[in-house]
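J.: Here it is: the structure, laid out below.
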Amino acid sequence: MRMERQVALITGASSGIGQALAAELAGRGVQLALTGRSIAPDAVHFTCAGDLTDAAFREELVRRTLERYGRIDILVNNAGVGLYQPSWQAEVGATRYMFELNVFAALHLAQLVVPGMRERRQGMVVNIGSIASKVTLPWFTLYSATKHALAAFSDGLRMENADFGVKVILVCPGYVKTRFQENVLVGRPPDELASGKRFATNAPDLARAIADGMARERRTLVYPASGWALVAAWQYLPRVVEAFFRRLQRNHS
Ligand SMILES: NC(=O)c1ccc[n+]([C@@H]2O[C@H](COP(=O)([O-])OP(=O)(O)OC[C@H]3O[C@@H](n4cnc5c(N)ncnc54)[C@H](OP(=O)(O)O)[C@@H]3O)[C@@H](O)[C@H]2O)c1
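Per our numbering, the sequence shown starts with residue 4, numbered consecutively.
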């Protein structure tokens, strides 16, 4: 995909991965519409602050972006939140909130934006999943469920729209140094994972990989690529991976 002068709507652009991706795409000549509850006004790009768990705000966001640019070529569903509670104990309200943001907001925005892309026979949806889109992490069961849902939605959306010029990319990062861990709704990660931070990647490097993946119209981007080894092990040696995860989980509980 040629990036220059495309119009991209990026959710969760006020921090972390979304903010880094906004900077990366701006550097490649993309015109941006940026959102987040705390998004700061920008001299060049359109910004629209609000809460994506509110369906009325999602409609307003798309309407105002179309008023400003006339079209949306790229939708980046990045805003997301985590929850560290066992599924059998998890707070229903917090769980619903996480599904609303991680899944339903992404679905609703796609429903608002994809019809225009199909009409123009051109467009791209980039869904920021996680390695938890491919592997179920037991300290993060319900977050994994949201990211698995996003993965299935991404694959289906891609096939539904393949004949209409609409591309869909699922991005599956491992641990990225952002404020994500501080912003989880409830709970905290196992200490072993916190100490694994030294293997974390950073948001600008991930943003560059995502932009390259967009330019090449990749299907799935696991980042870092070594994450594919865990995905393959989960697929072909599930008992081994489960035993490893359970050991980490046992130390946690
Ligand atoms: N960091 C990681 O290790 C990691 C790994 C894999 C996948 N991911 C995924 O990457 C995405 C971005 O995460 P991040 O690491 O950049 O975390 P982050 O720094 O916490 O950023 C989250 C973004 O989502 C926005 N957001 C949160 N709740 C919102 C709401 N109710 N309405 C509108 N916007 C909301 C936040 O903006 P406001 O607070 O201004 O609303 C912020 O811009 C998420 O989908 C996450 O699941 C992260």
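Backbone N, C-alpha and C fix where the C-beta goes; we use that ideal spot for every residue, glycine too.
Quick one: is Phe156 buried, meaning 16 or more other Cβ sit within 10 Å of its Cβ, or exposed?
T.: Buried.
J.: So what's Tyr178 in DSSP terms, helix, strand or just coil?
T.: Here Tyr178 sits in coil by DSSP.
J.: Could you check where the beta strand (DSSP E) with Ile13 kicks off and where it finishes?
T.: Its beta strand (DSSP E) spans residues Val10 to Ile13.
J.: Is there at least one non-hydrogen atom of ligand 1 closer than 7 Å to the beta-carbon of Phe248?
T.: Not under cutoff, so the answer is no.
J.: With C-beta atoms as the reference, is Leu209 less than 8 Å away from Val138?
T.: It is not a contact, given that the beta carbons lie outside the stated cut-off.
J.: Run the CB neighbour count on Phe247, radius 10 Å, all protein chains shown included, and call it buried at 16 or more, exposed below.
T.: Classification for Phe247: exposed.
J.: Just checking Thr14 against ligand 1 - is the residue's beta carbon closer than 7 Å to any of the ligand's heavy atoms?
T.: Yes - ligand 1 has a heavy atom lying nearer than 7 Å to the Cβ of Thr14.
J.: Hey, could you find the ends of the beta strand (DSSP E) Met127 is sitting in?
T.: Unbroken beta strand (DSSP E) run through Met127: Gly126 to Ile131.
J.: Using 10 angstroms around the beta-carbon of Ser90, count the other beta-carbons present and answer buried if the total reaches 16, otherwise exposed.
T.: When all chains shown are included, Ser90 counts as exposed.
J.: Distance, Cα to Cα, Leu115 vs Met6?
T.: Spanning the two alpha carbons is a distance of roughly 22 Å.
J.: Rounded to whole angstroms, what's the CA-CA distance from Phe167 to Arg124? Just pull it up for me.
T.: For Phe167 and Arg124, the distance between alpha carbons rounds to 5 Å.
J.: For Asn130, which option in Met4, Gly19 and Thr223 has the closest C-alpha, if you only look at C-alpha atoms?
T.: Nearest option by C-alpha distance: Thr223.
J.: For Gln238, count neighbouring C-beta atoms within 10 Å of its own C-beta (all shown protein chains included) and say buried if the count is 16 or more, exposed if not.
T.: By the 10 Å Cβ count, Gln238 comes out exposed.
J.: Keeping to the same chain, check which residues put their C-beta closer than 6 Å to that of Ser17; ignore five residues upstream and five downstream.
T.: The residues are Gly39, Ser41 and Ile42.
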